[in-house]
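**Student:**
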Amino acid sequence: MKRALLTIIFSALCLGMLYAQPKDRDMHEKVKALKVAFITNKLELTSEQSAAFWPVYNEFEKEKRELKKDFMSEYKDKNPTTDDKTAHQYINDNLDYQEKELALKKKYKDKLLKVISATQLAELYRSEQDFKRMLLDELKQRRGSGHRPTR
0 MKRALLTIIF
10 SALCLGMLYA
20 QPKDRDMHEK
30 VKALKVAFIT
40 NKLELTSEQS
50 AAFWPVYNEF
60 EKEKRELKKD
70 FMSEYKDKNP
80 TTDDKTAHQY
90 INDNLDYQEK
100 ELALKKKYKD
110 KLLKVISATQ
120 LAELYRSEQD
130 FKRMLLDELK
140 QRRGSGHRPT
150 R
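Per numbering that gives the first Met the number 0, the sequence shown starts with residue 0, numbered consecutively.
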């Protein structure tokens, strides 16, 4: 119970910091810093684990971003639903992207298991989803209250 309460308080403080200066140009860096703090807290990383974990995780995130960027750039200016031929190509490209992403996750699963436990890795997967959900909820709440996030 105490751990859950601390996590809730920590999350609230992090989100408060995130939106305290909405016009900052380094919003991406702030979100990244909050994610690091959130995951470090959730995984209860020791300082030794943290020193070994973050370089591997950052490498994984970079490769994942590049993979997504490559896929998204292909359809940036195209509507994949304009005709059946384009739709079929989009479906195939999307499935290829998902297969590559899965292969990347499997590759980094083995690397991450060398620096954290299986329990921590499972918690990492959950924490990534929790963090995304928390950011989306905050975004929805801010949009609902008339605040528009700036880029």
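Just so it is clear, CB atoms sit at the ideal spot from N, CA and C, and this is done for glycine as well. All of these numbers come straight from a predicted model, not from anything done at the bench.
In terms of residue numbering, what span does the alpha helix (DSSP H) encompassing residue 44 cover?
**Tutor:** Boundaries for residue 44: no alpha helix (DSSP H) harbours it, and the DSSP string shows neither H nor E there.
**Student:** Run through DSSP, which three-state label would residue 90 get?
**Tutor:** It is helical.
**Student:** Can you give me the C-alpha to C-alpha distance between residue 71 and residue 31, rounded to a whole angstrom?
**Tutor:** Rounded to whole angstroms, residue 71 to residue 31 spans 21 Å at the Cα level.
**Student:** Below 8 Å on the Cβ atoms is my guess for residue 38 versus residue 126; work out the distance and round it to an integer in Å.
**Tutor:** 5 Å
**Student:** Short check: CB of residue 131 to CB of residue 100, under 8 Å?
**Tutor:** Inclusion of residue 131 and residue 100 in the CB contact set at 8 Å is not warranted, their separation being larger than that value.
**Student:** Is the distance from the Cβ of residue 59 to the Cβ of residue 107 below 8 Å?
**Tutor:** yes
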